[in-house]
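Okay, structure first, notes after.
Number of protein chains: 2
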Amino acid sequence: MKIAVVGGTHGNEFTGVEVCKALEKSQQSYKNEYRTFIANPMAHLKKLRYVDSDLNRAYSKTSSPLGNEKERSDFLKAEIIGKFDFLIDLHTTTSNMGSTLILTDTNPKTLNAACFIKQNFPHYKLIFAASGDDPYYTTNLTKAGLTVEVGPIANNIVKASLVLDNLDIVRALLNYDFQTEFNYAEFEVYSEIDKISYPEKEGYYIHPDLEGKDFEILKTGDPIFIDACKNTINFEYAGHELVYPMFINEAAYLEKNIAFEICEKIKLSEVLGS
Amino acid sequence: MKIAVVGGTHGNEFTGVEVCKALEKSQQSYKNEYRTFIANPMAHLKKLRYVDSDLNRAYSKTSSPLGNEKERSDFLKAEIIGKFDFLIDLHTTTSNMGSTLILTDTNPKTLNAACFIKQNFPHYKLIFAASGDDPYYTTNLTKAGLTVEVGPIANNIVKASLVLDNLDIVRALLNYDFQTEFNYAEFEVYSEIDKISYPEKEGYYIHPDLEGKDFEILKTGDPIFIDACKNTINFEYAGHELVYPMFINEAAYLEKNIAFEICEKIKLSEVLGS
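Read top to bottom, the protein sequences are chains S and Z. Residues in the first sequence are numbered consecutively from 116, following our numbering. Residues in the second sequence are numbered consecutively from 116, following our numbering.
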């Protein structure tokens, strides 16, 4: 197997860049071949998520990346598509997500690799968030792959604990036998349902009772927003019994007016039907 | 007393901007007159600390602010100097500082106001960090003033709890009788001693044992840095018995290669001699 290890798809998320540098420096060899990529050096230099458009939305047939990210996505397509079998894309979030793996496709290699990590690093949570019929994530450059998303960490800083934690799982995947098969019914994933926007009326923030409560059950009637006069807005969402929030107060989602996402917990075997 | 309440001196620190907006919206009246200032609207719009140079270093005789910040500092000088008696400058940090007040001068109005807040909001810590003979902070636009610095919070996000906490102390100061006197010997401050740089050799991060431990005692021999191979570097600093770190892993200090600052704990009465 040939694995692409990608850091800095978002330039202000430093952890993945440091993981790539550390892998290069150590020059250790592994069961699988690999190459590291600093995906967006100019955004990293400028300490920005992106320069002209989001590189982690650039890879569908209908994506129209702009300027610097057009150039970078063309480069990465040329270097990765058809040349690598699996891609690990390293991200961070300002929300209190802990250590997570995001599955962006249902390729058996993706599902088994996620089970392998969950079995050996049980503090990792699995999230299922495929991008539909026309997939656009960096991980979609290869047939199979995983996004690693860790938090909370502010943009433009590095925490040693996260670099070391990420290095552990990246090295485990570089040594993983991709023929190994797991029983998907034994693993649970948080499956993305919807994105919750900020209220139309200005001046509302995430309620302190919700802040930092990623992956804790969110019930109808729980306060989710508050303003400076302490007016609150409560959670209402029809059609799902048990809902779990994630990406609560993620800095990058503000420009899209997203306050958090919600998911349900299902068996990994069930995502195959979705 | 006339008080200037300043938010957004650093454009990517959103809390102060929201506090100013909330004050304006509520139109409440207080014992002291006040006016709010969004110090650096362009940096705030661009979600950057500053556009051309740091606005919170712009106010000494020898400061040479650049471009946008030259314009903004000229504007704020014209609007504030001689027209206001006290300034509250609202900041955030990515480090685990909790709620703090930074004293940047030894004017009795500054010292007494700090004691007043400490007495009524005991979770606030006091930090003494005057900028020498040629003071350059935004707070130095008036003869007396306080910098509010709260964390941890990632840049470009708002936490309701911090907005409400800041609003509480700003409102308390707007209603404070600036004639009140306190016994400075009864109050302790963390007094800045030095800034600790990252090691010259690349690839070292704050050690996980130090991460988040702002204001906890740091002893000679304690690990402070680690690299991806888990090599560590320990703390060594001559001449001070008890040292407390702060601003550990502050994102904005990376460009100056500062890993954290150290201070000692002294009586507020002692800063008058320093």
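Cβ coordinates follow ideal geometry from the N, Cα and C atoms, glycine included.
Opposing strand residues paired with residue i [DSSP bridges]
{"i": "residue 320(S)", "result": "341(S)"}
{"i": "residue 135(S)", "result": "For residue 135(S), which the question treats as bridged, DSSP gives no partner whatsoever."}
{"i": "residue 121(S)", "result": "152(S) and 204(S)"}
{"i": "residue 266(S)", "result": "213(S)"}
{"i": "residue 367(S)", "result": "In DSSP, residue 367(S) forms no bridge with anything."}
{"i": "residue 259(S)", "result": "201(S)"}
{"i": "residue 325(S)", "result": "Its beta-bridge partners do not exist; DSSP assigns none."}
{"i": "residue 333(Z)", "result": "358(Z)"}
Burial state of residue i (16 or more Cβ within 10 Å)
{"i": "residue 108(S)", "result": "Outside the modelled stretch of chain S, which goes from 116 to 389, sits residue 108(S), for which no answer is possible."}
{"i": "residue 329(Z)", "result": "buried"}
{"i": "residue 388(Z)", "result": "exposed"}
{"i": "residue 334(Z)", "result": "exposed"}
{"i": "residue 224(Z)", "result": "buried"}
{"i": "residue 253(S)", "result": "buried"}
{"i": "residue 182(Z)", "result": "exposed"}
{"i": "residue 232(S)", "result": "buried"}
{"i": "residue 125(Z)", "result": "buried"}
{"i": "residue 227(S)", "result": "buried"}
{"i": "residue 197(S)", "result": "exposed"}
{"i": "residue 353(S)", "result": "exposed"}
{"i": "residue 336(S)", "result": "exposed"}
{"i": "residue 243(S)", "result": "buried"}
{"i": "residue 190(Z)", "result": "exposed"}
{"i": "residue 206(Z)", "result": "buried"}
{"i": "residue 351(S)", "result": "exposed"}
{"i": "residue 160(S)", "result": "exposed"}
{"i": "residue 281(S)", "result": "buried"}
{"i": "residue 292(Z)", "result": "exposed"}
{"i": "residue 131(S)", "result": "buried"}
{"i": "residue 371(Z)", "result": "exposed"}
{"i": "residue 267(S)", "result": "buried"}
Run of the alpha helix (DSSP H) containing residue i, from where it starts to where it stops
{"i": "residue 287(S)", "result": "275–289"}
{"i": "residue 116(S)", "result": "Counting along the chain, residue 116(S) falls outside any alpha helix (DSSP H), and DSSP gives it neither H nor E."}
{"i": "residue 169(Z)", "result": "Taken as a continuous stretch (DSSP letters only), residue 169(Z) belongs to no alpha helix (DSSP H), as it is neither H nor E."}
{"i": "residue 195(S)", "result": "182–195"}
{"i": "residue 223(S)", "result": "223–235"}
Closer than 8 Å to chain Z by CB, residue i
{"i": "residue 118(S)", "result": "no"}
{"i": "residue 209(S)", "result": "yes"}
{"i": "residue 275(S)", "result": "yes"}
Chain S contact for residue i (CB, 8 Å cutoff)
{"i": "residue 322(Z)", "result": "yes"}
{"i": "residue 372(Z)", "result": "no"}
{"i": "residue 315(Z)", "result": "no"}
{"i": "residue 136(Z)", "result": "yes"}
{"i": "residue 318(Z)", "result": "yes"}
{"i": "residue 278(Z)", "result": "yes"}
{"i": "residue 356(Z)", "result": "no"}
Residue i, enclosing beta strand (DSSP E) - first and last residue
{"i": "residue 125(Z)", "result": "Taken as a continuous stretch (DSSP letters only), residue 125(Z) belongs to no beta strand (DSSP E), as it is neither H nor E."}
{"i": "residue 216(S)", "result": "213–218"}
{"i": "residue 206(Z)", "result": "201–207"}
{"i": "residue 349(S)", "result": "347–349"}
{"i": "residue 376(S)", "result": "373–382"}
{"i": "residue 241(Z)", "result": "240–243"}
{"i": "residue 79(S)", "result": "What is shown of chain S runs 116 to 389, which leaves residue 79(S) out entirely."}
{"i": "residue 250(Z)", "result": "That residue, residue 250(Z), is in no beta strand (DSSP E); it is neither H nor E in DSSP."}
{"i": "residue 359(S)", "result": "359–361"}
Proximal chain S residues relative to residue i, where beta-carbon distance stays under 7 Å
{"i": "residue 339(Z)", "result": "The contacting residues do not exist; residue 339(Z) stays about 11 Å from chain S at best."}
Residues that residue i contacts on chain S, provided the C-beta gap is smaller than 8 Å
{"i": "residue 369(Z)", "result": "271 and 272"}
{"i": "residue 366(Z)", "result": "269, 270, 271 and 272"}
Chain Z residues whose Cβ lies nearer than 9 Å to that of residue i
{"i": "residue 343(S)", "result": "133, 134, 136, 137, 138, 140, 141, 275, 278, 279 and 282"}
Cross-chain neighbours of residue i in chain Z, by beta carbon under 8 Å
{"i": "residue 326(S)", "result": "274, 275 and 276"}
8 Å Cβ cutoff, residue i in contact with chain C
{"i": "residue 244(Z)", "result": "Absent from the structure: chain C. Protein chains present are S and Z."}
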